[in-house]
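Structure, as structure tokens:
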Ligand SMILES: [Zn+2]
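In the numbering used here, the protein residues as written are 1 to 529.
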């Protein structure tokens, strides 16, 4: 998997053997079918939800005030759209099928790009893994370093060049050329020379939300923006990426929080502790819930809850002595957040990996075992980045433990996350096109680009050997109901599944565009199904 994202300039990419190719390709198709079936399971529950809303009695409806009626209508619209996306996503997929026989390989699918679609989120994750992998492996110095960040690069080689830009002369209105010296670093230099940390920021919340708002993602992001302007932040943090996660809170209401990956100057001694203190102080002041008028001192042991909270903070701030800690606590307000997580990047270990890891590099949380990443192993770093940024493609935990959809939670978040920004890049990563992972529908160009990464050549699904044109046809079929071989990496397209056959002479790119044209009915709002 990882071999495909290494930069060929610095490392030789092992060419996958035919067997590896078969296994990988089959895994990809299988995942597609699994996610498609998951989407369809969700769809039936969403439909029930829609029916229950529509079945409201006339008198009940009349009793609603205008705001409640509008809310009901908006929810209905969001649910209908979600239902269409769940039903339609990957209902048209492109395969290569052997002319004789039913064995096929999956090429690509038309997707819905809904934020809560299981298929689209799987594809986003794959895209992100490739994008970040490529970026941090790249030795090319093409990442601009702003003047305010140059102090972090005193010990790191940078390329400096003169960049000419056009500016408008304020007096004459003419365009004039202005030259500027600019410095550039590379993804791999960043990986080697910075501490990558996973920062979690929460706010105190109850059934009514936080600071008078039930849904507070926007306000949360604003506060984080303010915090990043502090001089200590600019001094220590090169940049990073953030995403917002929403879960159902135990106390009722929504638990909305930020996960961020930050790149911290390695030379700052005890950087983690220093940063944690500063963040704790600032974030606490910024997140004070103003609906409680009285400020609240945190006192050790004053109440059982107070004691618990005090101990929690003490445990997280391992780096400071008792006297200093007691003084530090005097600055905090009980109405603001005191839950700040800051850790070196980590990723979750699979059960079979746990025994072989040294305990020093692992930790346990909520019954799961995690391993810290090491910049000596770029693969582990990419895993850590993915763990940190997975909320880009898992913005809400929608599923109950039994695999069903939590429809009450869905009804609460669906109207709110619509058009709400849920992730972003900041500092040195702001506007960096190399790290863009588009959330919108995947364009034809991107589809083709993705295929170049995942392998676009025609090969025999039984042997992995190259296949001649006359040996296969392109077939458009629904990704559901595809049958798999029990013990071989093979999957089969039945005649009844196939909705359109395209002769191989047209070529893969034309076949993809036929899929796109044929499947797209253009209601101006993504695909209509
Ligand atoms: Zn989708």
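Even for Gly, the Cβ is constructed at its ideal location relative to N, Cα and C.
Rounded to the nearest whole angstrom, the C-alpha separation of residue 69 and residue 56 is 12 Å. Straight across, the Cα-Cα distance linking residue 500 with residue 95 is about 10 Å.
By the neighbour-count definition (other C-beta atoms within 10 Å, threshold 16), residue 127 is a buried residue.
Taking C-beta separations shorter than 6 Å and ignoring five residues to either side along the sequence, the partners of residue 341 in its chain run 200, following chain order. By the Cβ neighbour-count rule, residue 419 is exposed, with fewer than 16 other Cβ atoms within 10 Å of its own.
If you look at residue 382, you'll find it isn't in any beta strand (DSSP E); it sits in the alpha helix (DSSP H) that goes 378 to 389. Of 26, 408, 494 and 484, the smallest CA-CA separation from residue 75 is found for 408.
Per DSSP, the continuous alpha helix (DSSP H) segment holding residue 226 begins and ends at 217 to 227. Pairing residue 179 with residue 156 gives a Cβ-Cβ distance that is not under 9 Å.
Taking the Cβ of residue 257 as the reference point, every heavy atom of ligand 1 lies at 8 Å or farther away. Residue 503 is classed as exposed because its beta carbon has fewer than 16 other beta carbons within 10 Å across all chains shown. Taking the Cβ of residue 29 as the reference point, every heavy atom of ligand 1 lies at 8 Å or farther away.
Here the distance from the Cβ of residue 37 to the nearest heavy atom of ligand 1 is not below 8 Å. Assigned with DSSP and collapsed to three states, residue 316 falls in helix.
Short note on residue 392: C-beta not closer than 8 Å to any heavy atom of ligand 1.
Excluding its 5 nearest sequence neighbours in each direction, residue 323 has no C-beta neighbour in its own chain below 7 Å.
One alpha carbon belongs to residue 30, the other to residue 321, and they sit about 54 Å apart. Beta bridge pairing from DSSP links residue 297 with 333. Contact annotation: residue 374 and residue 381 have beta-carbon atoms nearer than 9 Å.
Short of 7 Å from the beta carbon of residue 177, and not among the five residues preceding or following it, lie these beta carbons of its own chain, in chain order: 164 and 166.
DSSP, read as helix, strand or coil, puts residue 269 in coil. With 16 or more other Cβ atoms from the protein chains shown falling within 10 Å of its own Cβ, residue 25 counts as buried. Distance from the CA atom of residue 278 to the CA atom of residue 270, rounded to whole angstroms, is 13 Å. Note that the region 108 to 126 touches the region 78 to 93; at least 3 beta-carbon pairs, one per stretch, sit closer than 8 Å. Collapsing the DSSP output to three states places residue 180 in a strand. A check of alpha carbon separations from residue 319 across 272, 288 and 296 identifies 272 as the nearest. Nearest Cα to residue 190 within the set 181, 142, 436 and 215: 142.
With 5 Å as the limit, the residues whose C-beta approaches a heavy atom of ligand 1 more closely than that are 89, 111, 112, 117, 119 and 120, in chain order.
When C-alpha distances from residue 258 are compared across 17, 47 and 424, the shortest belongs to 424. Taking the CA atoms as reference points, residue 106 sits about 23 Å from residue 84. About 6 Å separates the CB atoms of residue 135 and residue 435; that is less than 8 Å, so the two are in contact. Taking all protein chains in view, the Cβ of residue 430 is surrounded by fewer than 16 other Cβ atoms within 10 Å, so the residue is classified as exposed. For residue 411, the secondary structure class from DSSP, reduced to helix, strand or coil, is helix. CA-to-CA, the gap between residue 475 and residue 496 works out to about 12 Å. In this structure, DSSP gives residue 430 a state outside helix and strand, which the three-state scheme calls coil. The beta strand (DSSP E) runs of length 3 or more contained entirely in the region 90 to 131 are, from start to end of the chain, 93 to 98 and 104 to 109.
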